[in-house]
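In the numbering used here, the protein residues as written are 1226 to 1413.
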């Protein structure tokens, strides 16, 4: 069982397509090269109800996560596939006012003292990133780019899955080939 995590790598996205009957299809995952960091905070509210002079009921809503994904640079495939930019015949990317973002699954892994822990977040959206840079001085400083993410439950109520040290290698070795489909046979 892992005790600590100290690395982040292998970020992939998989564009979601929703059929006319509501069926969700995930595209083949595409690597987001230059993964720097990811930071996610739980989204949802706490509910507390008091009766009989005390806390009578307590619960929380799991609305997924909000956070950021920092990359060396956002690749043009992501700009086109997910953020909806289009490329003209002169190979110039265009962001139009009518551009809409597409939902996607996000796959990634954390390095731990016991190997790797792989994740799949099933229903993500990203907002347009800030555009910033600065002049080069006496030394080069790498400028990164950050995507603001919203991760919500999918139509089945699933937010994320993650591997464990005893996850079969047949699953972990194929993690980035397609979006993982849970077996829905939980063990306790």
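All residues carry an ideal CB built from backbone N, CA and C; glycine is no exception.
Computed from a predicted model, the values in this text were never measured in an experiment.
Report the CB separation of residue i from residue j in whole angstroms; it is logged as a contact under 8 Å.
i	j	result
residue 1386	residue 1345	5 Å
residue 1289	residue 1268	5 Å
residue 1331	residue 1349	5 Å
Looking at the structure shown, is residue i part of a helix, part of a strand, or coil, going by DSSP?
i	result
residue 1248	coil
residue 1331	strand
residue 1302	helix
residue 1276	strand
residue 1226	coil
residue 1354	coil
residue 1311	strand
residue 1270	coil
residue 1235	strand
residue 1253	coil
Can you give me the start and stop residues for the beta strand (DSSP E) that residue i sits inside?
i	result
residue 1293	1290-1296
residue 1375	1370-1376
residue 1363	No beta strand (DSSP E) holds residue 1363; DSSP gives it neither H nor E.
residue 1341	1340-1351
residue 1261	1260-1267
Sort out for me which residues DSSP pairs residue i with in a bridge.
i	result
residue 1240	1329
residue 1320	In DSSP, residue 1320 forms no bridge with anything.
residue 1282	1274
- Segments of 3+ residues assigned as beta strand (DSSP E) that fall wholly inside the stretch 1374-1409: Whole beta strand (DSSP E) segments, 3+ residues: 1385-1387.
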